[in-house]
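Q: Take the sequence shown: its position 16, counted from the start at 1, is 8 in this note's numbering, and no numbers get skipped. The C-beta atom is built at its ideal place from N, Cα and C for all residues, glycine as well. Structure incoming, see below.
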Amino acid sequence: MKPNEFLIPFQGLKQGKHEFAYQLGNEFFEQFDYQEFESCKIDVKIDLNKTSTMLEFDIHGQGTVEVPCDLTQELYDQPVSGELSLVVKFGEEFNDEDDELLVLPHGEHQVDLSQYVYEMLVLAVPLKRIHPGVEDGTLESDILDKLEELEPGENKTDDDESDPRWDDLKKLLTDK
């Protein structure tokens, strides 16, 4: 099922600037079979500048997505923000090979921006997602306690009891 929420009919629009605003939830991402977000609330604003030969789109998205932390699996709201500029020109055949240029066949009267909005927002989420409570130390979690317990620390053996097999090698480091 292809989303048609971002199907923008440009044929009846006058030349000049136009603005479109959307609020996205999980339904939008489910249409792309993307299930990484528990919930989301994202505002998308599309500015269109229509000229006689091309269309210029500036797409801005900002909001939050609820995702699990990579360390603790605790859910938290991750702020996301993304921008994309897209130029639409007209030619003989459809071509979307370039990320910033879309070529539509002559005679088209609408453009579907849903794939561009989807990719912009998914790429706006950081690859490594860390709960803010982990970074500032305020999150209480059994997983964090276990990670701290297993954290490699200083060697617990007494320094006086070194292995004699390594003594000659240690001398090489100091005899320069």
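Give me the Cα-Cα distance between N41 and E127, rounded to the nearest whole angstrom.
A: Straight-line Cα distance between these residues: approximately 42 Å.
Q: Skipping 5 residues on each side, what residues in its chain have a beta carbon closer than 8 Å to that of F82?
A: If we look at F82 and ignore the five residues flanking it on each side, its Cβ neighbours are T45, M46, V95, L96, P97, H98, E100.
Q: May I have the straight-line CA-CA distance separating P118 from T43, to the nearest angstrom?
A: When rounded, the distance between both Cα atoms is 36 Å.
Q: How close, in whole Å, do the beta carbons of E30 and E58 come, if the pair is a contact with beta carbons under 8 Å?
A: 4 Å between Cβ atoms; contact.
Q: Would you kindly report the start and end of the unbroken beta strand (DSSP E) that includes L96?
A: Note, L96: beta strand (DSSP E), 93 to 97.
Q: If we require 4 or more residues per run, which alpha helix (DSSP H) segments fall completely within the stretch 46 to 127?
A: Counting only runs of 4 or more, we get 106 to 116.
Q: Mapping the DSSP letters down to three states, classify K6 as helix, strand or coil.
A: Residue state, collapsed to three classes: coil.
Q: Please tell me whether L105 and I34 are closer than 8 Å, where the distance is taken between their beta carbons.
A: It is not a contact, given that the beta carbons lie outside the stated cut-off.
Q: Thinking just about the alpha-carbon of each residue, which of V103, R121, Y68 is nearest to the one in Q3?
A: Closest by alpha carbon: V103.
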